[in-house]
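Protein chains in written order, with the working numbering: chain A, 193 to 303; chain B, 26 to 886.
For every residue, glycine included, the Cβ atom is placed at its ideal position computed from N, Cα and C.
Reviewing the structure listed below.
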């Protein structure tokens, strides 16, 4: 796959989106940082329907039991290490992961 | 040649393995915010019975009381034959249909035989730690050396000593790596080995695992063997994760594994497993049958009879008996409680209450509420003691703010204490006085810990310190009174207010709506509504935070009740509530208070903010809370070691004050010992019943909670915290060697982190033995929590379905859930297969794991 022709200056990267229980989110963020990713976006209290049934969104007084969506973008060279760490982590929890190619306009922000 | 990508991949994979391995380790909070936790929280994904077996493999610990203790309870009548039979029938539904056996000329039913096995059967072997390190397996002395080094370096890192660990600011692993090779207690070869330790902790772990011959697929259990060897330090390291404390599980394991690899490499002595750690054989069913036949006084049985009895006994492995005992132990209490709650009670005729008194759900509040209600005119309610305001609070003196909310959430608002109008001067005097006292105390302690200053200090201050120490020992109450008066003279308390600027108006209205709806107080307001937080005043007690409010992060909750009251008294907030359908009468006044649970004294807060027209109401309230407190003190004194029995309320009130001031007192109060149930229902369900301070009481009115949000909040937060408390008391009692803190009498405090027993060793987890036992008998009965809910069953189902945390707690038997829609309905028990009548299924486990499952092969919980 190549960059859209209308945006020739974009650089290809790997986007990793992870949905995990809040209690696991710290481990995911730590792993992302440990492989040298320069940042991530976190969204807590996400809800939805999946393999384990419907999952409640925000709970008033419990941030650990709700799901969190964490998104990061890394160059291909760092993606392998990140995935190697994430796969067993998700095998042991109820989380899911989506990996896609993405394109960014400022690659230096992500390298 | 290893490429950079391969190296990064190996490191990332290792980091995840460490994360997964560390799930079996609890989280140990520092002493100042000591929070109750379930030490087996990482195993809650398993059924309880399986989790305690796994914990036995990891720690070599008991998961229930031992059979000798249960058998004693049976002899004392605390567990009856009927309790045992019901549990047996519930676990083996076909048992009663089985034909009787003929043994030695007598007819013995299978149920009699299994009951006899519970009562007289051959002992089950003690759990044995099966996750072991190479050093444990081959050279136990080296395992001890690794532990001693762990204790030394962790104490140095966490201890906050006057001479800090050199290089501490670079983090634990870097500091250790720089210093450890200079340790002359180790051989030259080991020191040379340590000098070659990798610069990065992850690389050091990978290298050590390779040297120790640990394959990648055996890595997680091996890391768990190291983490569970000294679970206290590992648990505190777990708490440090994400707090930029300079240490994480990887650093900790790097140190331990590097030592182990280096010490084993240099080891020249004999190797071999420790002789006393061979697993004991389980007695065969035939042997058990022969033993029972003799114990039951039956005459010699023939081979066929023995074989028939053995066949029955194979249904009940010896390793499963303790869990059956546990179920019977719990069923006795639970059945009685549910029966009591279901009994029709005559409603006490009374007019509308003049005062609503809202306490924390804490079990200790139940006693106070009961006594206060007995005085008439009061309606009491239970609500989580942070009163729904999750705040980061800075008091008038300033300094470090405190997070006053359950650890399940982060504080939403920065709240500060400010001088009351026209009180700037008084506040300035108070702040200056507090600074003077703090400075004097700090100087005294600094002088004690400095190199030569103690000699001078003894000369300069010994004349005062010695009599003061004698007074604290011989006359604790008088001494405490003197210190209070001194403090009041130097730093007189000034009137202050809670500054709500950090909380926008719309959020204040939202808070007020959530708080009142969740506690079910939306109409019928009295003239006073008291929000009463709690804390505990004790002397020389590192575990004081364990007696404070769990919903306030292990601290006293006065700032929360003051904040909630300040909001609820604002006319603008009441106008906002009115538009939401909650009309608070103009003459209703909210009042903040705090219950000191060590002395059963209620202090009314912010009295300077109360208009004079309420003077009569406040005077009555003050008298009544004093009387209720004295009645509660008398009730509690009957169980306090060393207190005279049957004290009058007045004498009991004086006794508990002396007790709380005594710096040698190891039993200042019983905290939440005895906790066993969590009741979510209107007070009518429990009013008038002496629940013996064993139940968390959360008010709930199903008809007010039309969208189920209040019940969902209660079940996903206060219930979860109550379950942590319940499990902490449970495991501190059944497994005091691993998850209890041992005796207070030999505790040494390590910085602000925790205590160790004696001068070295592991950080102590859980509660001291004096929190659960009076030395001769258990004051805490280790029962798993039972949640009792009065609400539509379909509503509860919906909530459980969308919250996996509840599916785990209820489905894996960490908490039993009993419910009914209204008092006319019988109690039902939630099971994975739907609601079942409590009478049929009450003591049955939801999950009934088989005993031959090869769970040792699972590597992660």
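Item	Value
With contact counted as at least three CB pairs below 8 Å, one residue from each stretch, are the region 442-459 of chain B and the region 408-423 of chain B in contact?	yes
Indicate, with yes or no, if the ligand PLP has a heavy atom lying under 7 Å from the CB of residue 225/A.	Although the ligand PLP was asked about, the structure shown includes no ligands whatsoever.
Starting from the Cα of residue 292/B, find the closest Cα among 331/B, 213/B and 349/B and give me that residue.	213/B
Of all the options 498/B, 722/B, 256/B and 265/B, which has the alpha carbon lying nearest to the alpha carbon of residue 689/B?	498/B
By the three-class DSSP mapping on this structure, what secondary structure does residue 206/B have?	helix
Assess contact between the region 53-60 of chain B and the region 771-781 of chain B, defined as three or more Cβ pairs (one per stretch) separated by less than 8 Å. Is contact present?	yes
Within 8 Å (strictly less), CB to CB, does residue 826/B reach chain A?	yes
Looking at residue 255/A and residue 285/A, is the spacing between their C-beta atoms short of 8 Å?	no
From this set, 504/B, 787/B and 745/B, which residue's C-alpha is nearest residue 765/B's C-alpha?	787/B
Please name the residues in the region 285-303 of chain A whose beta-carbon is closer than 8 Å to at least one beta-carbon of chain B, in chain order.	286
In chain order, what residues of the region 43-70 of chain B put their CB closer than 7 Å to some CB of chain A?	44 and 45
For residue 87/B, report the span of its beta strand (DSSP E) as first-last.	Taken as a continuous stretch (DSSP letters only), residue 87/B belongs to no beta strand (DSSP E), as it is neither H nor E.
When the distance is taken between beta carbons, is residue 39/B closer than 8 Å to residue 231/B?	yes
Following the continuous alpha helix (DSSP H) through residue 276/B, name the residue where it begins and the one where it ends.	274-290
With a threshold of 16 other CB atoms inside 10 Å of the CB of residue 158/B, please say whether the residue is buried or exposed.	buried
Return yes when the Cβ of residue 619/B is within less than 8 Å of the Cβ of residue 583/B, no when it is not.	yes
Report the CB separation of residue 813/B from residue 658/B in whole angstroms; it is logged as a contact under 8 Å.	28 Å between Cβ atoms; not a contact.
If the criterion is Cβ atoms closer than 8 Å, does the pair residue 313/B and residue 91/B meet it?	no
Taking just the CA atoms, how far does residue 625/B sit from residue 680/B?	11 Å
Which same chain residues, not among the five before or five after residue 538/B, have their C-beta less than 7 Å away from its C-beta?	602, 605 and 607
Name the DSSP beta bridge partners of residue 620/B, please?	559/B and 627/B
Determine the direct distance from the alpha carbon of residue 208/A to that of residue 37/B, and round the result to whole angstroms.	15 Å
Helix, strand or coil, according to DSSP, for residue 232/A in the structure here?	coil
Let me know if residue 737/B comes out buried or exposed under the rule of 16 or more other beta-carbons within 10 Å of its beta-carbon.	buried
Using a Cβ-Cβ cutoff of 9 Å, what residues of the region 517-541 of chain B are near chain A? List them in chain order.	539
By how many angstroms is the C-alpha of residue 200/B removed from the C-alpha of residue 193/B?	6 Å
Just to make sure I have the definition right: I need the residues of chain B whose C-beta is within less than 7 Å of the C-beta of residue 227/A. Which are they?	33 and 37
Using DSSP bridges, identify the partner residues of residue 565/B.	Its beta-bridge partners do not exist; DSSP assigns none.
Rounding to the nearest angstrom, what Cα-Cα distance links residue 290/B and residue 219/A in this structure?	33 Å
Residues in its own chain within less than 6 Å of residue 522/B by CB, not counting five upstream and five downstream?	443 and 445
Starting from residue 40/B, find everything on chain A with Cβ-Cβ shorter than 8 Å and list it in chain order.	222, 223, 226 and 277
To the nearest angstrom, how far is the alpha carbon of residue 432/B from that of residue 578/B?	6 Å
What are the boundary residues of the alpha helix (DSSP H) that includes residue 636/B?	Run containing residue 636/B: none; DSSP gives neither H nor E here.
Is the beta carbon of residue 430/B closer than 8 Å to that of residue 888/B?	Outside the displayed range of chain B (26 to 886) lies residue 888/B, so it cannot be described from this structure.
Kindly list, in the order they appear in chain A, the residues whose Cβ is closer than 8 Å to that of residue 830/B.	254 and 257
Indicate the three-state DSSP secondary structure (helix, strand or coil) for residue 759/B in the structure shown.	helix
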